[in-house]
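Those protein sequences? They're chains A and B, same order as listed. Once you know that position 133 of the first sequence is 133 in this note's numbering, the rest is easy, because the numbers rise by one and skip nothing. Once you know that position 65 of the second sequence is 476 in this note's numbering, the rest is easy, because the numbers rise by one and skip nothing. Just so you know, even glycine gets a beta-carbon here, dropped at the ideal spot from N, CA and C. What follows is a single structure, written as structure tokens, with notes after it.
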Amino acid sequence: MSPFYITITRERPDLGLWKRFYRVASDKGRFWLDLAKRFRPNTLTARKGIWSTPWPMAVHPQLAMPTYDPDFKRTFGEVSDHRALEIRDLIRQGRRLALFYSGGIDSTVCAVAMLKNLSSEEMKEVTFCCNINSATENPVFFYRHLHNKVALLDSTRTQYSDLIAMGYYPITADTGDDIFGTEQATQFYFSYAQLVDQLRGPARAGLSALQDDPGLMERPYKKFSDLLIPFLSPGFGFGAVAKTYSRDIGEWLYHKIVHNMETQDVPIHSLHDFFWWIIFNLRYTHCALRGPLFYSSAEGVKAAITTYLINWFNTPDYQRWSMANNNNGQKICRPTATHYKWAARNYIYDFDHNDWYFKYKIKSVSLYGLLQNNYDAFRMMFALDSDYQLHWLSDAQVQHEFEGGLQAFQG
Amino acid sequence: MSSTASPIGLNGGVAANEQPELVAARKWLEPTPFVRRFFLTDRTRACYGFYSPAVDRFILVDSRDLFLSLKAATFFASKMLLLVAAFDPPEQTVDNSNCYLWAPEKRILQSAFHVPQILPNIGRRNIVYRGPTPHVAQADILNVQEHLGFVVQACYALYITEALDNVNAAETYEEFFPEFAPHSDLDRRSFKRIEQVLYRFGAIDEAMREIDGILGERLDLRHRQNYYSRFNRLFYARKDPPFKDA
Numbered sequence: 001m002s003p004f005y006i007t008i009t010r011e012r013p014d015l016g017l018w019k020r021f022y023r024v025a026s027d028k029g030r031f032w033l034d035l036a037k038r039f040r041p042n043t044l045t046a047r048k049g050i051w052s053t054p055w056p057m058a059v060h061p062q063l064a065m066p067t068y069d070p071d072f073k074r075t076f077g078e079v080s081d082h083r084a085l086e087i088r089d090l091i092r093q094g095r096r097l098a099l100f101y102s103g104g105i106d107s108t109v110c111a112v113a114m115l116k117n118l119s120s121e122e123m124k125e126v127t128f129c130c131n132i133n134s135a136t137e138n139p140v141f142f143y144r145h146l147h148n149k150v151a152l153l154d155s156t157r158t159q160y161s162d163l164i165a166m167g168y169y170p171i172t173a174d175t176g177d178d179i180f181g182t183e184q185a186t187q188f189y190f191s192y193a194q195l196v197d198q199l200r201g202p203a204r205a206g207l208s209a210l211q212d213d214p215g216l217m218e219r220p221y222k223k224f225s226d227l228l229i230p231f232l233s234p235g236f237g238f239g240a241v242a243k244t245y246s247r248d249i250g251e252w253l254y255h256k257i258v259h260n261m262e263t264q265d266v267p268i269h270s271l272h273d274f275f276w277w278i279i280f281n282l283r284y285t286h287c288a289l290r291g292p293l294f295y296s297s298a299e300g301v302k303a304a305i306t307t308y309l310i311n312w313f314n315t316p317d318y319q320r321w322s323m324a325n326n327n328n329g330q331k332i333c334r335p336t337a338t339h340y341k342w343a344a345r346n347y348i349y350d351f352d353h354n355d356w357y358f359k360y361k362i363k364s365v366s367l368y369g370l371l372q373n374n375y376d377a378f379r380m381m382f383a384l385d386s387d388y389q390l391h392w393l394s395d396a397q398v399q400h401e402f403e404g405g406l407q408a409f410q411g
Numbered sequence: 412m413s414s415t416a417s418p419i420g421l422n423g424g425v426a427a428n429e430q431p432e433l434v435a436a437r438k439w440l441e442p443t444p445f446v447r448r449f450f451l452t453d454r455t456r457a458c459y460g461f462y463s464p465a466v467d468r469f470i471l472v473d474s475r476d477l478f479l480s481l482k483a484a485t486f487f488a489s490k491m492l493l494l495v496a497a498f499d500p501p502e503q504t505v506d507n508s509n510c511y512l513w514a515p516e517k518r519i520l521q522s523a524f525h526v527p528q529i530l531p532n533i534g535r536r537n538i539v540y541r542g543p544t545p546h547v548a549q550a551d552i553l554n555v556q557e558h559l560g561f562v563v564q565a566c567y568a569l570y571i572t573e574a575l576d577n578v579n580a581a582e583t584y585e586e587f588f589p590e591f592a593p594h595s596d597l598d599r600r601s602f603k604r605i606e607q608v609l610y611r612f613g614a615i616d617e618a619m620r621e622i623d624g625i626l627g628e629r630l631d632l633r634h635r636q637n638y639y640s641r642f643n644r645l646f647y648a649r650k651d652p653p654f655k656d657a
């Protein structure tokens, strides 16, 4: 078995499995388990570059990274408009579509692209799957462009599998963060002062001076290793930096990531590049598959992934745009949450001219409900193999494989 | 036990010779110290702040009412997410000319809140001077402050008017009697339409005219005249909105 996807969560103490795995694991196997406390869950797997995992893994063919093209010239807007035309072709082939719309930047890009490029007749074939949180996240857009203008479905009662059963092809914007390199990056910039506060010695003064630097994210990442190591350590918490953390693990992971970066051909230079690469390479599979795995019935996983689910940002063009637009202000133009996804903000603004959203929109996490609905699956799933079979930790054979991988893992 | 200490840990004084049933009857007369933290006794200085996680600064400060502040933040959420913080006024003066240089001592993770609420865990309620934010221009902050100020003052005017002039309306109790369909009449619709304006408005001037248009309907009715003039007096300190001079 070479799984496409492996997930290690920390939430399974009821079975006593964690302790058992921990006992048999090698040093690096324990590190791997502990990373579940840092990444919640640990789903790190590489699409490119050297990256060892405790179990041999395969890249899902639909999620392979395209070749790097340094001469890629299309703008984000052009790529998005083109994507909408691809969607229009699906409608012309007779497909009914359902966009999972959260009101956040990524799904608003999808909505804008379709509203710009599809006729009103074609828009009748697109249903917006959303709820009151989607409306409150971007009320101006909701009132101006969706309310009484497009068909709506309540997303709190509708999973991907429900939509597929109703004859829809669901559209998700789930890999938007990967294209822009947000998630870990915005947490790091936010926690920068706290991370610096924990430093001692000469490094502290130099890094402290950069705290308000508007170009912080474009500085070489290697200058920040003293901050990145604690940031990558399991003791790091959201919004706070623990006083004690497992530095060994952070240091190991930092060097593992650097090695991965140095064994592939996409240039990685800056602090933001570093974070972008983590999500663009190491978290991409998770971002793309978490929806069909945790927000869908288990029976239809293969069909959902291979046939029905349309991942808006998972195209060669978006990914090539992402690889060719580092450190030019397109992904993030200041190290703060109001300036991430800059090209996407501009694309939306050009359509709706909403200054407030453009200037002050910050991240709202929209996946809590998803995980709450499927907590048991989230907790007990281990892998999706290349035959689209799900493997569960409640299965003794799976536990055996799990232990074997951790025991032999050398990092 | 001293004569001023409460046997139930609350703040009401208890005389040594008071009977237990009298003490029990008084046990709900005083709030806990924890509640007091949100309602400071000294209102001569700002003690409530509208904190923007996006800007990481206070946008506006006030000292009047915690829950009307929260209501104003709820309306303003269509433009910017704000959290309402209750804080101990620091030694230096913090008012609306400088509050955007201040922030809670403990930073709030920018993605932690989706809708306005009272800010928990402000760090012993302390706010600290942080200086100008390097990421948002002062002119932009002042523009936000102006719009928020408009919503805050309109909220006070609207809810005080409603409490004074909305005579015998049973709307508040509708949720307790789901058997009956919600009551709707011109007054109820006007109130809700003004709330809609405060949530959805773009330009302040347009919002003022829209509110005036709503309140100005059926001024042939005496109670509508009262409502209209009360709101204007509270909001503009005059009988008519200022744009009617022109």
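In this structure, the CA atom of residue 354 of chain A is about 13 Å from the CA atom of residue 137 of chain A. Neighbours of residue 353 of chain A in chain B, taken as residues at a C-beta separation under 7 Å, are lacking, since the least C-beta distance is about 10 Å.
With a cutoff of 8 Å on beta-carbon distance, residue 76 of chain A and residue 344 of chain A are scored as near each other. With contacts defined by Cβ atoms closer than 8 Å, residue 470 of chain B and residue 555 of chain B form a contacting pair. Considering only B/490, B/466, B/461 and B/468, the residue with the shortest C-alpha distance to residue 479 of chain B is B/461. With a threshold of 16 other beta carbon atoms within 10 Å, residue 583 of chain B falls short and is exposed. Counting along the chain, no alpha helix (DSSP H) covers residue 127 of chain A; the unbroken beta strand (DSSP E) around it starts and ends at 126 to 130.
The C-beta distance from residue 74 of chain A to residue 37 of chain A rounds to 40 Å, too long to fall under 8 Å, and the pair is not in contact. When beta bridges are read from the DSSP output, residue 515 of chain B appears opposite B/538. If you look at residue 337 of chain A, you'll find it isn't in any alpha helix (DSSP H); DSSP assigns it neither H nor E.
For the set B/501, B/618, B/633 and B/635, the Cα lying nearest the Cα of residue 652 of chain B is the one of B/618.
Proximity to residue 145 of chain A across A/123, A/160, A/161 and A/163 peaks at A/123, based on C-alpha coordinates. Chain-order list of chain A residues neighbouring residue 481 of chain B: empty, with the shortest C-beta distance near 15 Å, by a criterion of under 9 Å.
A residue is called buried once 16 or more other Cβ atoms fall within 10 Å of its Cβ, and residue 588 of chain B, having fewer, is exposed.
Here residue 108 of chain A is near residue 348 of chain A, since their CB atoms are less than 8 Å apart. Of the candidates B/557, B/498, B/615 and B/567, the residue whose Cα lies closest to the Cα of residue 642 of chain B is B/567. Taking a cut-off of 8 Å for Cβ pairs, the segment 433 to 451 of chain B and the segment 510 to 528 of chain B do not touch, as fewer than three such pairs fall below it. At a cut-off of 8 Å between C-beta atoms, residue 334 of chain A counts as an interface residue with respect to chain B.
Counting every other CB atom within 10 Å of its CB across the protein chains shown gives residue 78 of chain A a total below 16, marking it as exposed.
Linking residue 280 of chain A to residue 603 of chain B through their CA atoms gives a straight-line distance of about 46 Å. Sequence-distant partners of residue 327 of chain A (beyond 5 residues in either direction) whose C-beta falls short of 6 Å from its own C-beta, in its chain, are 218 and 270. Under the Cβ distance rule, residue 464 of chain B counts among the residues neighbouring chain A, one pair being separated by less than 8 Å. Segment contact: the segment 188 to 204 of chain A against the segment 78 to 94 of chain A, fewer than three CB-CB distances shorter than 8 Å; contact not assigned. Using beta-carbon distances, residue 551 of chain B counts as an interface residue toward chain A, with a partner under 8 Å. If you ignore the 5 residues before and after residue 287 of chain A, its C-beta comes within less than 6 Å of the C-beta of 174, 175 and 178, all in its own chain and listed in chain order. At a cut-off of 8 Å between C-beta atoms, residue 348 of chain A does not count as an interface residue with respect to chain B.
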